[in-house]
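One structure is given here, and the rest of the page talks about it.
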Amino acid sequence: MIEESLGEETTCFHVEFADQMVLYADAATVGNYLDTHQAWFQRCAQPMHTEPIGENGYALTIGKFGALGYEVEPKIGLELLPQTAGIYHIHTIEIPDYTPPGYEVDFKAWQKLIEMPMVDYLGQKKFAKVAKSDEQIPPVVTKVEWHLDLSVSMKFPRFVHKLPRNLIQNTGDRLLLQIIQLVNHRLTQTVQQDFHTSLGISVKI
300 MIEESLGEET TCFHVEFADQ MVLYADAATV GNYLDTHQAW FQRCAQPMHT
350 EPIGENGYAL TIGKFGALGY EVEPKIGLEL LPQTAGIYHI HTIEIPDYTP
400 PGYEVDFKAW QKLIEMPMVD YLGQKKFAKV AKSDEQIPPV VTKVEWHLDL
450 SVSMKFPRFV HKLPRNLIQN TGDRLLLQII QLVNHRLTQT VQQDFHTSLG
500 ISVKI
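Just so you know, we're using the numbering used here here: the sequence shown kicks off at 300 and counts up by one.
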């Protein structure tokens, strides 16, 4: 990657993203797990490097990403707020003694727990088949729905600004979405596995 001093012009990128994961337990059990993120978040966030900030915050180093001849290793501070009426909010916080090199991140996300009967989740036919087997199944599952609104403002080296503006914008938006999808997929799988393992819950269905 080419190294050059950053220009003064700022380019803004924005992505909205939504997804969900299913946990095989009631909403109260899932809520208790999410409320004690101090016990599992850093472990589940690997291979991202994390450092705690206060009681509910973390500094996350996402990894190195690049495009258009420019590379950056994003580091972001996030606070996982305690639930309010079953809704969990996550937002950006400052990382002590750290100044992001040429970028600013505005991360706003919320999660909602939706409990539903296992029969509704599996469907009548599959539920009846599983019920006849030796498989132990919980009576309910909980969907964790989450929504993210992410904005990133970046200052690029001057050589990048020689490129067409729409190329910079489209490439940045696309890369930002790819990073979100990568982290989301990895973290979802790890959290599901950690949650079910910690409670001895089978997920063979």
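Where a beta carbon is used, it is the ideal one built from N, C-alpha and C, also for glycine.
Asked                                                                                                                                                                  : Found
Per DSSP, which one or two residues make a beta bridge with Gly356?                                                                                                    : Ile352 and Glu378
Tell me the rounded alpha-carbon separation between Gly401 and Glu315.                                                                                                 : 22 Å
Report back the beta-carbon spacing between Ala358 and Glu350 to the nearest angstrom; my notes put them in contact at under 8 Å.                                      : 4 Å
For Ile389, which residues in the same chain have their Cβ closer than 8 Å to its Cβ, ignoring the five residues on either side in sequence?                           : Leu377, Glu378, Leu379, Leu380, Phe406, Lys407, Ala408, Trp409 and Gln410
Can you tell me where the alpha helix (DSSP H) with Tyr323 in it begins and where it stops?                                                                            : Looking at the DSSP string, Tyr323 is not in any alpha helix (DSSP H), and its letter there is neither H nor E.
For Val439, collect the residues of the same chain with a Cβ closer than 7 Å to its Cβ; drop the 5 residues on either side in sequence, then sort them by chain order. : Asp325, Glu414, Met415, Pro416 and Met417
Quick one: measure Cβ to Cβ for Val451 and Phe312, integer angstroms, because I've assumed they're closer than 8 Å.                                                    : 5 Å
Would you kindly check if the distance between the Cβ of Ala317 and the Cβ of His446 is under 7 Å?                                                                     : yes
Which two residues bound the contiguous beta strand (DSSP E) that contains Phe406?                                                                                     : Tyr402 to Pro416
Taking the DSSP output, what are the residues bridged to Ser450?                                                                                                       : His313 and Asp405
Go to Ile467, then tell me how far its alpha helix (DSSP H) extends in each direction, as first and last residue.                                                      : Arg464 to Leu498
Helix, strand or coil for Phe458, going by three-state DSSP, please let me know.                                                                                       : coil
How is the alpha helix (DSSP H) around His341 delimited, first residue to last?                                                                                        : First, the amino acid is wrong: residue 341 is Gln here, not His. Counting along the chain, the alpha helix (DSSP H) containing Gln341 begins and ends at Phe340 to Ala344.
Out of Leu333, Gln319 and Met320, point me to the one whose CA is closest to Ser497's CA.                                                                              : Leu333
In terms of alpha-carbon separation, which member of Gly499, Thr470, Arg485 and Phe494 lies closest to Ile361?                                                         : Arg485
Do you know how far the Cα of Ser501 is from the Cα of Leu335?                                                                                                         : Per the sequence shown, the amino acid found at residue 335 is Thr instead of Leu. Taking the straight line from one Cα to the other gives about 22 Å.
Taking C-alpha atoms, which residue in Gly471, Lys424 and Thr391 lies nearest to Phe455?                                                                               : Gly471
Start and end of the beta strand (DSSP E) containing His336?                                                                                                           : Here His336 belongs to no beta strand (DSSP E), and DSSP marks it neither H nor E.
Look up Ile389 in the DSSP assignment and give the residues it is bridged to.                                                                                          : Leu379 and Ala408
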